[in-house]
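Reminder that position 32 of the sequence shown reads as 32 in the numbering used here, one-by-one numbering, no gaps. The structure appears right after this line, and notes come after that.
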Amino acid sequence: MPKSPIITIIDLKKEKSSSKKFIIFSKTVENCLNNIKNTNENAIIFINRKALATSIVCQDCGNVIKCPNCDVPLTFHQDNNQNYLLCHHCNYKTEPPLICPICQSHRLIPLGLGTERLDLELKKMGFANKKIAILEGDLKDKTELDLINKFNQKEINILITTEAIFRPQLKQSDYIIIPNIDNLLFFPDYQNEEKIFNILLKLKNITKKEMFIQTINTKQRVIDNFINNNIEQFYQEELEWRKIYHWPPFYQIIKLTLETKNQEKGNKEALDIAYKLQTTIKKLNLENRFQLLGPVPAFIFKEKNVFHFNILIKMSYNTKDIPRVFDRIVSLNTLEPILSKEDTLLRNKILLSVPLNWKIDINPKSIL
Numbered sequence: 001m002p003k004s005p006i007i008t009i010i011d012l013k014k015e016k017s018s019s020k021k022f023i024i025f026s027k028t029v030e031n032c033l034n035n036i037k038n039t040n041e042n043a044i045i046f047i048n049r050k051a052l053a054t055s056i057v058c059q060d061c062g063n064v065i066k067c068p069n070c071d072v073p074l075t076f077h078q079d080n081n082q083n084y085l086l087c088h089h090c091n092y093k094t095e096p097p098l099i100c101p102i103c104q105s106h107r108l109i110p111l112g113l114g115t116e117r118l119d120l121e122l123k124k125m126g127f128a129n130k131k132i133a134i135l136e137g138d139l140k141d142k143t144e145l146d147l148i149n150k151f152n153q154k155e156i157n158i159l160i161t162t163e164a165i166f167r168p169q170l171k172q173s174d175y176i177i178i179p180n181i182d183n184l185l186f187f188p189d190y191q192n193e194e195k196i197f198n199i200l201l202k203l204k205n206i207t208k209k210e211m212f213i214q215t216i217n218t219k220q221r222v223i224d225n226f227i228n229n230n231i232e233q234f235y236q237e238e239l240e241w242r243k244i245y246h247w248p249p250f251y252q253i254i255k256l257t258l259e260t261k262n263q264e265k266g267n268k269e270a271l272d273i274a275y276k277l278q279t280t281i282k283k284l285n286l287e288n289r290f291q292l293l294g295p296v297p298a299f300i301f302k303e304k305n306v307f308h309f310n311i312l313i314k315m316s317y318n319t320k321d322i323p324r325v326f327d328r329i330v331s332l333n334t335l336e337p338i339l340s341k342e343d344t345l346l347r348n349k350i351l352l353s354v355p356l357n358w359k360i361d362i363n364p365k366s367i368l
């Protein structure tokens with residue numbers, strides 16, 4: 001039976017108390033990386049963000065430089081010593097401003113941690129270019145496999161990567177480093193903790209010696225269950241709160257989305273549709289079976305100059321309680337019962353109020 005790797009949790013708050021500058025790697029992780037240069041071991045640095053920094057922020061008024069076409073911050077990139085801002089939704093590209101467009105302050109700073117920033121930091125630590133690679137999931141399969149093979153052979157010592165790393169061709173890595181797990185956890189989706197827990201389990205499976213997790217909050221439920229290998233307990237806790245707050249697998253989620261170029265008209269239409277749906281639910285005396293949330297602006301409200309409004313419908317199942325979860329489960333979504341014919345007809349009756357220009361997504365991958 002293979003030996004389990006060491007799991008080391010690093011409290012970034014303690015590191016920051018002794019240093020005024022932004023901490024990317026703790027002293028423990030720095031020591032590990034420096035040892036790699038001498039031992040020819042390898043490490044995966046896992047981060048789900050591209051770019052040098054995730055945004056440019058004004059220190060005086062707090063303004064974040066955003067894409068004019070999308071309701072998202074522009075990410076800060078550097079290529080051949082040239083700085084630029086890029087939108088990863090519409091590919092809008094521009095030079096970084098010298099002054100804040102809101103208050104005309106010159107105090108603009110890059111914030112956040114991306115793959116390019118990690119690459120830059122490693123080069124400052126003395127790693128040669130050929131010893132570092134970035135794998136972000138937007139490369140061609142042949143290029144990705146070439147990088148993975150070089151990493152397996154230790155021609156590349158450090159692989160900075162996203163979820164693109166989960167390929168069957170990858171052999172174990174001596175070390176896994178997560179520079180900031182908090183960036184992954186603080187995401188407003190009911191499925192997010194389960195997703196992160198599964199990512200941690202996958203990363204543990206490809207760790208040979210030690211896994212480092214840096215965080216500003218060591219007391220998080222996901223981290224606690226992970227380091228104690230409480231797989232079944234995590235899923236039982238997840239099931240318990242999902243039942244209380246009416247999320248899958250106890251309720252089916254239907255996401256309705258309106259896309260429009262006119263924000264004002266879109267808002268009015270979304271309110272009208274929500275009212276019609278609520279009226280239908282009351283008329284059929286189904287308030288105990290259906291819950292309506294919204295309308296609300298989507299998480300990314302404007303994308304490519306198109307506005308997005310969401311309405312969520314939660315529908316309870318006419319079924320017994322979900323059975324006990326065991327540690328081999330892959331996702332709680334796999335527990336979702338099959339809708340009866342009666343429930344399907346009932347759901348479709350409610351959805352008759354939804355116009356054809358709205359998208360209807362049953363069991364959406366994301367509610368955002």
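Even for Gly, the Cβ is constructed at its ideal location relative to N, Cα and C.
Put simply, the backbone Cα of M211 is about 32 Å away from that of C87. Between T94 and the set S316, T279, F76, the nearest pair of CA atoms involves F76. Nearest Cα to N48 within the set T143, P110, E116: E116.
Note on geometry: alpha-carbon atoms of E269 and I350 lie some 17 Å from one another. N363 carries a coil assignment under DSSP once its states are collapsed to helix, strand and coil. Contact fails between the segment 62-75 and the segment 166-177, because fewer than three Cβ pairs, one in each stretch, are under 8 Å apart. Residue pairing by DSSP puts T75 in a beta bridge opposite L86.
In this chain, the beta strand (DSSP E) harbouring Q252 covers 251-260. DSSP places L201 within a helical segment (H, G or I) once states are collapsed to three.
Rounded to whole angstroms, the gap between the alpha carbons of I360 and I196 is 27 Å. Contact between I213 and I9 holds: CB atoms are separated by about 5 Å, below the 8 Å threshold. Apart from sequence neighbours up to five positions away, the residues of its chain that approach E193 with a beta-carbon distance below 8 Å are L185, R221, V222, E238, ordered along the chain. Per the C-alpha coordinates, the member of H106, L111, R107, T162 positioned closest to A133 is T162. Linking Q278 to L284 through their CA atoms gives a straight-line distance of about 10 Å. The Cβ-Cβ distance between N310 and K255 falls below 8 Å. DSSP places F307 inside the beta strand (DSSP E), whose first and last residues are 306-316. Note that the C-beta distance between N38 and F151 is not below 8 Å. For the beta strand (DSSP E) assignment, the uninterrupted runs of no fewer than 3 residues enclosed by the segment 145-191 are, from N- to C-terminal side, 158-161, 173-178.
A distance below 6 Å between beta-carbons, with the five flanking residues on each side excluded, links L74 to the following residues of its chain, in chain order: I65, C67, L85, C87. Boundaries around I231 are those of the alpha helix (DSSP H), 231-244, since no beta strand (DSSP E) includes it. For A298, DSSP assigns no beta-bridge partner whatsoever. Under DSSP, the beta-bridge partners assigned to E303 are V306.
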